[in-house]
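Visitor: This is the structure I want to talk about, given as structure tokens.
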Amino acid sequence: MRRILIAGNWKMNGSSSSTQTLLEGLKQGMGEVKHADVAVCAPFIYLPQVADLLNGSAIAWGAQNLSEHSAGAFTGEISASMLNDFNCKYAIIGHSERRSLYGESDELVAEKFAVALGAGLCPIICIGELLEEREANQTEAVVGRQLDAVIKRNGIEALAKGVIAYEPVWAIGTGKTASPEQAQDVHAFIRQRVAAQDASVAEKIQILYGGSMKPSNAQQLLAMQDVDGGLIGGASLKAEDFLGICTAAPA
Ligand code: PEP
């Protein structure tokens, strides 16, 4: 039985004071969250504060990116071992904003997956199609290509040590959510593609949905057979909204 994981992606939002308020609110509400594991992925600069505030709580934390290099002359980058210094559990890899705004290729994303795993972090690998790709019936081709790059570089067994997030790009930050059926269709496709190589990895791997998930639609999305949680952007910035999603996880 796969556990539900609800992970917040704060993106480039917040301040020290809003981080404190948000995390205090989440910690207070966690008693109501019975059926989900919970994590927040914060901007790098707030990770020491997040680690201090969440240490000993039921909420895990992580980063939104990492460098593919281990150390050296890479101005502005953050390595996996630096994330380990602050006890990060997760690192989001290949978010569509990294792919589109910073030109991250499938191969680079696959390399980052390897680096994260090598450091003992759990990579949350994001895959998903653009609106024009969906309209051209290319969803499966795109998602399959993005997934295959990770498997090719890391092997199928390594995939089980990470988490997949299906994030249709047209649903991210737009208020447009994939219907539960649309999400389920792609999640089932992803699981079948993994199963074609290793049935036990397919059974085990968590596949999260991301794209305008909020308290009002979380229950229906999380009820779908192959939806094992959510990667949450906008609605992870308010404790009440994020907790509303966490408590929508089915038993
Ligand atoms: C995301 O960026 O990963 C995301 C799902 O954002 P939002 O929930 O705001 O659509």
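For the sequence shown, our numbering gives the first residue as 72, with consecutive numbering after it.
Backbone N, C-alpha and C fix where the C-beta goes; we use that ideal spot for every residue, glycine too.
1. Using three-state DSSP, classify A236 as helix, strand or coil.
2. What is the DSSP secondary structure of N136, counted as helix, strand or coil?
3. Taking G233 as the reference, give the member of G282, S287, G165, V240 with the closest Cα.
4. What whole-angstrom Cβ distance do A273 and A266 have, given they're in contact under 8 Å?
5. Is N80 near ligand 1, with its Cβ less than 6 Å from a heavy atom?
6. Going by DSSP in three states, V186 sits in which element: helix, strand or coil?
7. Check whether the Cβ of G281 lies closer than 6 Å to any heavy atom of ligand 1, and answer yes or no.
8. Can you name the start and end residues of the beta strand (DSSP E) that A322 belongs to?
9. For ligand 1, is there any heavy atom lying closer than 6 Å to the beta carbon of L314?
10. At what residues does the alpha helix (DSSP H) containing L154 begin and finish?
11. Specify, as a first and last residue, the run of the alpha helix (DSSP H) that G301 falls within.
12. Just to confirm my understanding: we take D297, look at its own chain, exclude 5 residues before and 5 after, and list those with CB closer than 7 Å. What are they?
13. What does the Cβ neighbour count give for A212, buried or exposed, with the cut at 16 atoms within 10 Å?
14. Taking the runs of the alpha helix (DSSP H) that are 4 residues or longer, which of them lie wholly in the stretch 246–278?
15. Taking the alpha helix (DSSP H) that V221 belongs to, which residues open and close that run?
16. I'd like to check one pair, A319 with L293: are the Cβ atoms closer than 7 Å?
17. Between the alpha carbons of G215 and V104, how many angstroms are there, rounded?
18. DSSP puts C193 in a beta bridge; with which residues?
19. Check whether the Cβ of L201 lies closer than 6 Å to any heavy atom of ligand 1, and answer yes or no.
20. So S283 and G246 are in contact, right, with Cβ under 8 Å, and what is the actual spacing, rounded?
Guide: Let me spell this out:
1. strand
2. coil
3. G165
4. A273 to A266, Cβ: 4 Å. Contact.
5. yes
6. helix
7. Yes, Cβ of G281 sits closer than 6 Å to a heavy atom of ligand 1.
8. Counting along the chain, A322 falls outside any beta strand (DSSP E), and DSSP gives it neither H nor E.
9. no
10. 151–156
11. First-last for G301: 300–303, but that is the beta strand (DSSP E), not the alpha helix (DSSP H).
12. So the list reads Q255, H258, A259, R262, I278, once near-sequence residues are dropped.
13. exposed
14. 251–266, 270–275
15. 210–225
16. Yes, these two residues count as a Cβ contact at 7 Å.
17. Looking at the backbone, the Cα of G215 and that of V104 are separated by about 33 Å.
18. Answer by DSSP bridge pairing, in chain order: Y161.
19. no
20. 5 Å
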